[in-house]
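**Q** Note that the protein sequences, when read in sequence, are chains S and U. Just so we're aligned, residue 1 is where the first sequence starts under our numbering, counting upward by one. Just so we're aligned, residue 1 is where the second sequence starts under our numbering, counting upward by one. We treat Cβ as the ideally placed atom computed from N, Cα and C, and that holds for glycine.
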Amino acid sequence: MGDKSSDLVQGTLDMLVLKTLALEPMHGYGITVRIEQMSKGVSHVNPGSLFLAIQRLERDGLIKGEWKASENNRRAKCYVLTEKGRKRLNSETREWGRQAAAIERILEAS
Amino acid sequence: MSLLRNLASGIRSLFRKEQVDRELDEELRGYEEMAAAEKMKQGMNRQEALRAVRLERGSVELSKEVVRSGGWEFLVETCWRDVRFAIRTLLKSPGFTAAVVLTLALGIGANTAIFTLIDAVMLKPLPVPKPAQLYRLGDNNRCCVFTGTQQDGGSFVLYSYQLYESLRDHTPEFSEVAAFTPWTADLSVRRGASAGEPYKGEYVSGNYFNTLGVLAFAGRLLAPSDDSAGAARVAVMNYHTWQRRFGLDPSVIGATLYINGAPCVIAGVTPPGFYGDTLRSDPPDFWMPLAADPEGWRLPNPGVEWLYLVGRLKSGLAAEPVQARLNVELQDWLNNHKEVIPERDRKEIPQQHVHLTPAIHGVEILQTDYETGLQLLVTLSALLLLIACANIANLLLARGSANRSQTAVRLALGAPRGRLIRQMLTESVVLALAGGAAGLYVAYTGTRAILLLAFRGANFIPIDARPSLPVLSFSVLLSLITGIVFGILPAWTASKSDPLEALRGVGRSTGDRSPILQKSLVIAQVAFSIVLLIGAGLVTQSLRNLEDQHFGFVTEGRLIVNIEPGLSGYTPEKLPALYQRLGEKMPRIPGILSASLSWYSPLSGSNSNERVLIQGKVPDYRFTAPSWDRVGPHYFETIGTRLLRGRVISERDKPGAPNVAVVNETFASRFFPNEDPIGQHFGMDTGHSGDYEIVGIAEDAKYQDTRGPAHATYFLPLLQTPPGESFRGWVGAIELHVAGRPENIEPAVRKTVASVDPNLTILHMMSFGEQVARNFNQERLIARLTELFGALALILACVGLYGVTAYAVARRTNEIGIRMALGADRGNVLGLVLRAALAQVGLGLAIGIPAALPGGLLLAHELYGVKSYDPMIFGFAAVILAGCAFLAASVPARRATRVDPIVALRYE
Numbered sequence: 001m002g003d004k005s006s007d008l009v010q011g012t013l014d015m016l017v018l019k020t021l022a023l024e025p026m027h028g029y030g031i032t033v034r035i036e037q038m039s040k041g042v043s044h045v046n047p048g049s050l051f052l053a054i055q056r057l058e059r060d061g062l063i064k065g066e067w068k069a070s071e072n073n074r075r076a077k078c079y080v081l082t083e084k085g086r087k088r089l090n091s092e093t094r095e096w097g098r099q100a101a102a103i104e105r106i107l108e109a110s
Numbered sequence: 001m002s003l004l005r006n007l008a009s010g011i012r013s014l015f016r017k018e019q020v021d022r023e024l025d026e027e028l029r030g031y032e033e034m035a036a037a038e039k040m041k042q043g044m045n046r047q048e049a050l051r052a053v054r055l056e057r058g059s060v061e062l063s064k065e066v067v068r069s070g071g072w073e074f075l076v077e078t079c080w081r082d083v084r085f086a087i088r089t090l091l092k093s094p095g096f097t098a099a100v101v102l103t104l105a106l107g108i109g110a111n112t113a114i115f116t117l118i119d120a121v122m123l124k125p126l127p128v129p130k131p132a133q134l135y136r137l138g139d140n141n142r143c144c145v146f147t148g149t150q151q152d153g154g155s156f157v158l159y160s161y162q163l164y165e166s167l168r169d170h171t172p173e174f175s176e177v178a179a180f181t182p183w184t185a186d187l188s189v190r191r192g193a194s195a196g197e198p199y200k201g202e203y204v205s206g207n208y209f210n211t212l213g214v215l216a217f218a219g220r221l222l223a224p225s226d227d228s229a230g231a232a233r234v235a236v237m238n239y240h241t242w243q244r245r246f247g248l249d250p251s252v253i254g255a256t257l258y259i260n261g262a263p264c265v266i267a268g269v270t271p272p273g274f275y276g277d278t279l280r281s282d283p284p285d286f287w288m289p290l291a292a293d294p295e296g297w298r299l300p301n302p303g304v305e306w307l308y309l310v311g312r313l314k315s316g317l318a319a320e321p322v323q324a325r326l327n328v329e330l331q332d333w334l335n336n337h338k339e340v341i342p343e344r345d346r347k348e349i350p351q352q353h354v355h356l357t358p359a360i361h362g363v364e365i366l367q368t369d370y371e372t373g374l375q376l377l378v379t380l381s382a383l384l385l386l387i388a389c390a391n392i393a394n395l396l397l398a399r400g401s402a403n404r405s406q407t408a409v410r411l412a413l414g415a416p417r418g419r420l421i422r423q424m425l426t427e428s429v430v431l432a433l434a435g436g437a438a439g440l441y442v443a444y445t446g447t448r449a450i451l452l453l454a455f456r457g458a459n460f461i462p463i464d465a466r467p468s469l470p471v472l473s474f475s476v477l478l479s480l481i482t483g484i485v486f487g488i489l490p491a492w493t494a495s496k497s498d499p500l501e502a503l504r505g506v507g508r509s510t511g512d513r514s515p516i517l518q519k520s521l522v523i524a525q526v527a528f529s530i531v532l533l534i535g536a537g538l539v540t541q542s543l544r545n546l547e548d549q550h551f552g553f554v555t556e557g558r559l560i561v562n563i564e565p566g567l568s569g570y571t572p573e574k575l576p577a578l579y580q581r582l583g584e585k586m587p588r589i590p591g592i593l594s595a596s597l598s599w600y601s602p603l604s605g606s607n608s609n610e611r612v613l614i615q616g617k618v619p620d621y622r623f624t625a626p627s628w629d630r631v632g633p634h635y636f637e638t639i640g641t642r643l644l645r646g647r648v649i650s651e652r653d654k655p656g657a658p659n660v661a662v663v664n665e666t667f668a669s670r671f672f673p674n675e676d677p678i679g680q681h682f683g684m685d686t687g688h689s690g691d692y693e694i695v696g697i698a699e700d701a702k703y704q705d706t707r708g709p710a711h712a713t714y715f716l717p718l719l720q721t722p723p724g725e726s727f728r729g730w731v732g733a734i735e736l737h738v739a740g741r742p743e744n745i746e747p748a749v750r751k752t753v754a755s756v757d758p759n760l761t762i763l764h765m766m767s768f769g770e771q772v773a774r775n776f777n778q779e780r781l782i783a784r785l786t787e788l789f790g791a792l793a794l795i796l797a798c799v800g801l802y803g804v805t806a807y808a809v810a811r812r813t814n815e816i817g818i819r820m821a822l823g824a825d826r827g828n829v830l831g832l833v834l835r836a837a838l839a840q841v842g843l844g845l846a847i848g849i850p851a852a853l854p855g856g857l858l859l860a861h862e863l864y865g866v867k868s869y870d871p872m873i874f875g876f877a878a879v880i881l882a883g884c885a886f887l888a889a890s891v892p893a894r895r896a897t898r899v900d901p902i903v904a905l906r907y908e
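(1) Skipping 5 residues on each side, what residues in its chain have a beta carbon closer than 7 Å to that of U:G273?
(2) Could you pull out every residue in the same chain whose Cβ sits closer than 7 Å to the Cβ of U:G154, ignoring the five residues on either side in sequence?
(3) Identify which residue in U:P94, U:L158, U:V189, U:T89 has its Cα closest to the Cα of U:R245.
(4) With a threshold of 8 Å between beta-carbons, can S:Y29 be considered close to chain U, or not?
(5) Applying a beta-carbon distance threshold of less than 9 Å, which residues of chain S neighbour U:A36?
(6) From this set, U:D293, U:A255, U:P633, U:R898, which residue's C-alpha is nearest U:I816's C-alpha?
(7) So which of U:F15, U:L117, U:A86 has the shortest CA-CA distance to U:A465?
(8) Helix, strand or coil for U:H240 per DSSP?
(9) Extract the residue ranges of the alpha helix (DSSP H) inside the stretch 612-686 of chain U, only unbroken runs of 4 or more that lie entirely within it.
(10) Does the contact criterion of 3 or more C-beta pairs under 8 Å hold for the stretch 747-762 of chain U versus the stretch 176-196 of chain U?
(11) If I measure Cβ to Cβ from U:T510 and keep anything under 6 Å in the same chain, skipping five residues before and after, which residues do I get?
(12) Flag this pair as yes or no: are the beta carbons of U:A231 and U:G268 separated by less than 8 Å?
(13) For the beta strand (DSSP E) holding U:W287, just list the boundary residues, first then last.
(14) Check each candidate in U:A179, U:I530, U:Q423 and name the one with the smallest Cα separation from U:Y308.
(15) Going along chain S in order, which residues have a C-beta closer than 8 Å to the C-beta of U:V915?
(16) On the criterion of 16 or more Cβ atoms from any shown chain inside 10 Å, does U:A98 qualify as buried, or is it exposed?
(17) For U:G769 and U:L546, I'd like the C-alpha separation in whole angstroms.
(18) Tell me whether the beta-carbon of U:Q704 lies closer than 8 Å to the beta-carbon of U:N777.
(19) Let me know if S:H27 comes out buried or exposed under the rule of 16 or more other beta-carbons within 10 Å of its beta-carbon.
(20) Quick one: Cα of U:H337 to Cα of U:V328, how far?
(21) Please say whether U:G316 and U:S568 have beta carbons closer to each other than 8 Å?
(22) Just checking: is the beta-carbon of S:A76 within a distance shorter than 8 Å of some beta-carbon in chain U?
(23) Per DSSP, U:Y135 forms a beta bridge with which residues?
(24) Near U:H170, which residues of its chain fall below 8 Å by C-beta distance, leaving aside the five closest residues on each side in sequence?
(25) Between the stretch 24-58 of chain U and chain S, which residues of the former have a C-beta closer than 9 Å to a C-beta of the latter?
(26) Going along the chain, which residues of its own chain have a beta-carbon closer than 8 Å to the beta-carbon of U:G646, five neighbours each way excluded?
(27) Just to confirm, are U:V829 and U:R819 a CB contact at a threshold of 8 Å?
(28) Within its chain, find whatever has a CB closer than 7 Å to the CB of U:L543; leave out the 5 residues flanking it on each side and keep chain order.
(29) Starting from the beta carbon of U:G70, find every residue of chain S whose beta carbon is closer than 7 Å, and list them in chain order.
(30) Tell me the DSSP bridge mates of S:C78?
(31) When DSSP labels each residue in this structure, what does S:G2 get in the three-state scheme?
(32) Going by other Cβ atoms of all chains shown within 10 Å of its Cβ, with 16 needed for buried, is U:R630 buried or exposed?
(33) If we ignore side chains and look at the alpha-carbon of each, how far apart do U:I873 and U:A888 end up?
(34) What runs of the beta strand (DSSP E), each 3 residues or longer, lie entirely inside the stretch 300-350 of chain U?
(35) Please report how far the alpha carbon of U:I438 lies from the alpha carbon of U:V101, in whole angstroms.
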């Protein structure tokens, strides 16, 4: 779907998923836990929005899913960042920094 | 790449839905399990942990719904589901669905058919390269052979060959100028020793195909070198003829066919779809050079005007300066050829001019003939479409209101408004598309039917009945717009309804409160319908008056056989023997009461005028020249024209016997207002005013124009040619008076004609009634279509009224029950419902009848023997409409009287 979502939260979730997977391949629940841990409980991730984001990223070829056996002997789909996904994460991070700085400047100016 | 992957993934979830669903399910359940395991580590039991996870993160099903709604395939799927749901609901109310689809099919079908015709007849250019460069030298369709200055203010249309050559050679702005005969000629064509068969031909200048820019499909087309007196005779064949009559046989090209008895090489075939310079039924089968014109006296005579001209302007040139130049050339030529203009007309030379008109559509004979007819049809079909749309709007509105409580329940159960509107819209679009598809079928058959009606008796009509792409998109668009516009309205009102109110039963009503919009639609339908019905009545009465008028001859039991002995190699000296044998053999066919020969028969499309000089009187040029015909013995009794005085032409009026003539009443009263015409003499040329002695007066009969009075006409014996007159004793028609149906005798007639001369080609044979009927093709087309449209409008209006009344009754069931419980009898209830329905009809009539008056005035010049405000027809139409409306309304009204008060009070 669209490369740039105007929906900040959605776009942010995509970026957070990419960032999480940049550290190591992980399954859906793992991603949730990691994001919630890293944000120290500020972000709450619903499985609905998470898997929607995963479906979107997978369709864009930014991540790749693979069925693997998990710790408790269940099959779980494990997601890996692709090369394209890594590039996208870098560019998005830069863009995010630029925008956040801009917003901060505006807020401090007033 | 990513778009492709996205598409592939979407398609996978569409078509391998179950597997994708299973995977998602497994993933989500795993997620839930892991989250629960986390909670269990903190001491919860499994049950509690799962519950906590679901509270915190939502259920698996909810998550699935969220994920699914994310892809584009979701939209496709819901739309598809909507469509399936719409089809299911529509099939559940087959009456409603059939009414809407049928209404749409008729409305769209009629319009598509008419626009297909307009596109084919009025808009499609000639199938030749760059047709916009073609210009015609002339602006009307006068036909066929004239002399002197031209009528209608001197606008030149017909040209002599010599004038054509002069204009062609002195107008460099034209890359080519072609000349051709305005008519198609009957041909007798045979291959080898077989019998001659009738075909159509056109004589054209050698550069005709170069001018049009047409290239040969096979062989070669005509070249200027073919169009000279000494050239070997060649002809070009129409592709359609090659296909239909010669089975695309390649050996025909280059072969010798006998055309009118003379050998002629087929040089080539025109491309498919080419029909010549004029769109007409039965276009030429063969094109031949002007030099091969069988009436050889026309070509070398600069005084005979008999050719139409079309030129191709060099690219980038404007028409106006060329026209000015042509005017100068024309007048110069006329001044230099004073011998072609009679002394008394020479003062008119400065008014003679050429009007250069675009010939992108070729010679516009059909276009001019059918212009008014098609305009009328466009108006009618637009009216019909309006009525159809009103009907559909009404049906959809009624349905929307009837479904109100259902909608309310759905809203109360949490269906989003947008979703509901979309569902209803889908329903309307499905309906509209079904109607549009059915409409296309109606359009195709309708166009064919109209063509058959319009060209009764034609063997081939070079008009495609298939709707063209623009017409097709037009009708699809039309159906979509109708569906969307009339789908949105009820969807919108329904979705705005307050669920609470609807569920409480506000839908029930007292008093006739069916929405004002629906009532106005019915009123409008009635008004449109009465206008159409009155129009149908007027044109039908006019056609009946035309067909049943006293023509001055009798069509019943008469058969007309058309021949042309010249095509089979006859020369004037062989004709007396032929006429004698035909005169002996034809009456002996069993079932024949009498037989005769003539040059042409009444209302066959042929006519000839020639001035007469009455012996002892000064020439009078005030009147148009009287018509004349040559007839054999028994002619008047065979066609049923009464002799008023004197005698008819008989066997004794042979060459050498005293020259005689029979005249009609109009001739007698015009030229001999105060004298006895019998015994008087007249002639056709100066110095010959004593040639013919009038021996009889026949009743007036219409030979040319069915609407105006009969022309002054004189009848001469077949073979009498006074000294100094050229021979013109060719016969073109055999008239037969038959006991029983004239068609039954056709095989015997063919056999007899073949026994007289196997080479004598019968060009066509039809009953006199059919020959006369073909004069009314356009009137009949308009009458039948107006009747059809009127009937459809009537049906649609009745359906509309029925729908609105039935809906009102359904809504008022409760009220009616109360009234009946309180003592109202059936009559009261019937009156209650009918009064409301008939009030709408009355209002519609009150609007429609005055509107029909100016409408009738527009028709007035097309009507024959009927006033545009004929009170009988107006009254009759109103009575029919009111009667049908009464029937339509009485069905639901009767249902209202059968309401059981107990049931009604419990209703809802």
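**A** Taking the coordinates as given:
(1) P127
(2) E348, Q351, Q352, H353
(3) U:V189
(4) yes
(5) By Cβ distance, chain S contributes nothing, its closest Cβ being about 10 Å from U:A36, past 9 Å.
(6) U:R898
(7) U:L117
(8) helix
(9) 635-639, 665-671
(10) yes
(11) Reliability of the predicted coordinates at U:T510 is poor, the pLDDT of 44 falling under 50, and no value is obtained from them.
(12) no
(13) 286-289
(14) U:A179
(15) An answer regarding residue 915 of chain U cannot be provided, because it is not within the stretch 1 to 908 covered by chain U.
(16) exposed
(17) 13 Å
(18) no
(19) buried
(20) 14 Å
(21) no
(22) yes
(23) U:G311, U:P358
(24) E329
(25) L24, E26, E27, L28, R29, G30, Y31, E32, E33, M34, A35, A37, E38, E56, R57, G58
(26) V662, I678, I694, V695, G696, I697
(27) yes
(28) F776, E779, R780, A783
(29) L52, Q55, R56
(30) S:H27, S:E66
(31) Note that S:G2 has pLDDT 34, beneath the 50 cutoff, so the model's placement of it is unreliable and no number is given.
(32) buried
(33) 22 Å
(34) 308-313
(35) The question names Ile, but residue 438 of chain U in the sequence shown is Ala. Roughly 7 Å separates the two Cα atoms.
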